[in-house]
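Colleague: Numbering (the working numbering), first residue to last: 1 to 275.
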Amino acid sequence: MIIENRNFDIKQIAESGQCFRMNPIGQNKYSLIAFDRYIKLKQLDENLIEISCDENDYNNIWERYFHLDFDYGIIVDRLVNGSDNFLKEAALYGKGIRILRQDPFEALISFIISQNKNIPSIKNCIERICEAYGNRKEDTASGIVYYTFPTPDKLAEAKKEDLRSLKLGYRDEYIIEASRAVINGTLNLEALKVCSHDEAVKTLKSIRGIGDKVANCVSLYGLHHIEAFPVDVWMKRVLSEYYNNKFDTENYRGYAGIVQQYMFYYIRHVYGASN
DNA sequence: GTCCAGGAACTCA
DNA sequence: TGAGTTCATGGA
1 MIIENRNFDI
11 KQIAESGQCF
21 RMNPIGQNKY
31 SLIAFDRYIK
41 LKQLDENLIE
51 ISCDENDYNN
61 IWERYFHLDF
71 DYGIIVDRLV
81 NGSDNFLKEA
91 ALYGKGIRIL
101 RQDPFEALIS
111 FIISQNKNIP
121 SIKNCIERIC
131 EAYGNRKEDT
141 ASGIVYYTFP
151 TPDKLAEAKK
161 EDLRSLKLGY
171 RDEYIIEASR
181 AVINGTLNLE
191 ALKVCSHDEA
201 VKTLKSIRGI
211 GDKVANCVSL
221 YGLHHIEAFP
231 VDVWMKRVLS
241 EYYNNKFDTE
251 NYRGYAGIVQ
261 QYMFYYIRHV
271 YGASN
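1) In angstroms, rounded to a whole number, what distance separates the CA positions of Met22 and Trp62?
2) With DSSP as the reference, label Val80 as helix, strand or coil.
3) Assuming Val231 and Lys213 form a contact by the criterion Cβ under 8 Å, report the distance between their Cβ atoms to the nearest whole angstrom.
4) Please look up how many angstroms separate the CB atoms of Tyr93 and His269, rounded, as I've assumed it's under 8 Å.
5) Taking 8 Å as the cut-off, decide whether the C-beta atoms of Val218 and Phe111 are in contact.
6) To which residues of the same chain is Ser114 closer than 6 Å at the C-beta, ignoring the five residues directly before and after it?
7) Do you know offhand how far Arg64's Cα is from Tyr58's?
8) In whole angstroms, give me the CA-to-CA distance for Arg37 and Thr148.
9) Report yes if the C-beta distance between Tyr266 and Ala14 is below 8 Å; otherwise report no.
10) Would you call the stretch 244 to 253 and the stretch 139 to 147 touching, i.e. three or more CB-CB distances under 8 Å?
11) Ignore the nearest five residues each way along the sequence and tell me which others in Leu48's own chain have a CB closer than 8 Å to its CB.
12) Pick helix, strand or coil for Gln260, following the three-state DSSP scheme.
13) Looking only at C-alpha atoms, which of Ser274, Glu161, Asn7 sits nearest to Arg98?
14) For Ala107, collect the residues of the same chain with a Cβ closer than 6 Å to its Cβ; drop the 5 residues on either side in sequence, then sort them by chain order.
15) What whole-angstrom Cβ distance do Phe229 and Asn244 have, given they're in contact under 8 Å?
16) Who pairs with Lys193 in a beta bridge, going by DSSP?
17) How about Ile51 and Leu41: are their beta carbons less than 8 Å apart?
18) Using the DSSP secondary-structure output, state which residues sit across from Ala34 in a beta bridge.
19) Figure out for me which residue from Ser31, Asp69, Lys95, Leu68 has the closest Cα to the Cα of Gln12.
20) Helix, strand or coil for Val238? Go by DSSP, reduced to three states.
21) Taking Cβ positions, are Gly360 and Tyr174 nearer each other than 8 Å?
22) Express the C-alpha separation of His197 and Ile25 in angstroms, rounding to a whole number.
23) Could you pull out every unbroken alpha helix (DSSP H) segment of at least 4 residues lying fully inside the stretch 132 to 174, listed in chain order?
24) Alpha carbon to alpha carbon, how far is Ile176 from Pro152?
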């Protein structure tokens with residue numbers, strides 16, 4: 001499938017820190033493991049991307065995953081024509097970013113792991129947990145072997161020592177407890193998709209190991225509440241240095257998560273983040 | 001050896 | 001409520 005869209009840049013998405021299983025495999029090419037599937041993406045030119053899937057999978061899975069049923073150009077234009085100079089630069093720089101509609105459980109565990117870690121380290125931990133608790137699969141087209149993200153029952157039954165050996169640090173207990181909450185129904189991720197963002201964050205924060213930042217990431221990338229606004233160390237840098245800690249998300253009501261993503265991606269570029 | 005990373009829990013005031 | 005400390009781990 002070849003997709004034409006002026007706001008769809010696979011490199012920007014892969015480096016935007018919202019998903020951890022999209023990796024470069026060559027010039028303008030990336031692999032992605034999501035929903036038990038392995039696909040390749042190739043940026044043919046600025047507005048053209050080739051996805052290694054058929055029309056059926058595109059319509060049922062990837063169009064939703066990449067939020068291609070929404071026009072990001074409207075948001076970018078609004079920011080570029082607005083009065084906020086930092087956001088003007090940020091939106092232009094990251095105009096190919098999209099908010100991914102990831103599997104909620106994968107987002108939940110991934111962002112629990114993410115706390116106090118840098119992105120390469122998060123990726124390593126996630127690959128180890130997939131190899132240990134996910135299913136081994138082989139992509140029929142390429143013959144590439146990959147591992148799916150573990151299901152909640154696998155991680156709910158995991159032993160703390162086994163997780164600790166995967167170098168997850170103190171997060172091992174958080175992962176087990178969160179998975180058990182999903183299994184026993186305390187944490188109903190599907191229900192959190194259809195309730196409000198505020199309600200979702202409140203529920204997520206009732207789980208040990210999930211604070212405001214992780215809850216907002218899960219809400220944004222796993223539950224697709226695009227009004228979520230995660231603030232990590234990079235975002236704190238932006239808010240402090242460019243806004244004197246007076247940034248008001250109400251000015252971007254309903255799509256603050258997209259604005260946040262442009263800010264995050266741009267500030268890391270400004271500081272020359274190599275990870 | 002020191003500092004930092006898409007933080008959160010805990011303690012103490 | 002708010003500041004300070006601790007928690008594993010790897011990389012710069």
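Ideal Cβ positions, reconstructed from N, Cα and C, are used throughout, including at glycine.
Modeller: The relevant details are as follows:
1) The residue you call residue 22 lines up with position 22 of the first sequence. The residue you call residue 62 lines up with position 62 of the first sequence. So the alpha carbons of these two residues sit roughly 14 Å apart.
2) Position 80 of the first sequence, counting from 1, holds the residue named residue 80. DSSP places Val80 in helix when its eight states are reduced to three.
3) For this step, residue 231 is matched to residue 231 along the first sequence. For this step, residue 213 is matched to residue 213 along the first sequence. Right, their Cβ atoms sit about 6 Å apart.
4) In the first sequence, the residue the question calls residue 93 occupies position 93. In the first sequence, the residue the question calls residue 269 occupies position 269. About 6 Å; that satisfies the 8 Å criterion.
5) Stepping through the first sequence from its first residue, residue 218 is reached at position 218. Stepping through the first sequence from its first residue, residue 111 is reached at position 111. Cβ distance < 8 Å, so Val218 and Phe111 count as in contact.
6) Numbered from 1 along the first sequence, position 114 holds the residue referred to as residue 114. Ile122, listed in sequence order.
7) Residue 64 sits at position 64 when you count from the first residue of the first sequence. Residue 58 sits at position 58 when you count from the first residue of the first sequence. Roughly 8 Å between the two C-alpha positions.
8) Against the first sequence, residue 37 aligns to sequence position 37. Against the first sequence, residue 148 aligns to sequence position 148. Using only the alpha carbons, I get a separation of about 8 Å.
9) In the first sequence, the residue the question calls residue 266 occupies position 266. In the first sequence, the residue the question calls residue 14 occupies position 14. No.
10) no
11) Numbered from 1 along the first sequence, position 48 holds the residue referred to as residue 48. Closer than 8 Å at the Cβ level, and outside the excluded window around Leu48, lie Ile2, Ile3, Glu4.
12) Along the first sequence, read from residue 1 onward, the residue named residue 260 stands at position 260. Helix at Gln260.
13) Stepping through the first sequence from its first residue, residue 98 is reached at position 98. Of the candidates Ser274, Glu161, Asn7, the one whose C-alpha sits nearest the C-alpha of Arg98 is Asn7.
14) As a position in the first sequence, residue 107 is number 107, starting the count at 1. The residues are Val218, Tyr221, Gly222.
15) For the purposes of this step, residue 229 is taken as the residue at position 229 of the first sequence. For the purposes of this step, residue 244 is taken as the residue at position 244 of the first sequence. Incorrect: roughly 17 Å between the Cβ atoms, too far for contact.
16) Taking the first residue of the first sequence as 1, we reach residue 193 at position 193. Partner(s): none; Lys193 has no beta bridge.
17) Reading the first sequence from its first residue, position 51 is the one you call residue 51. Reading the first sequence from its first residue, position 41 is the one you call residue 41. Yes. Within cutoff.
18) As a first step, residue 34 must be located in the first sequence, where it is residue number 34. Arg37, per the DSSP bridge assignment.
19) As a working mapping, residue 12 is identified with position 12 in the first sequence. When each option's Cα is compared against that of Gln12, the closest is Lys95.
20) One-based indexing of the first sequence puts residue 238 at position 238. Helix, per DSSP.
21) As displayed, the chain neither begins before 1 nor continues past 275, which places residue 360 out of reach and without an answer.
22) Counting from 1 along the first sequence, the entry for residue 25 is found at position 25. Counting from 1 along the first sequence, the entry for residue 197 is found at position 197. Approximately 35 Å, taken between the alpha carbons.
23) 152 to 156, 160 to 164
24) The count along the first sequence starts at 1 and reaches residue 176 at position 176. The count along the first sequence starts at 1 and reaches residue 152 at position 152. Roughly 9 Å separates the two Cα atoms.
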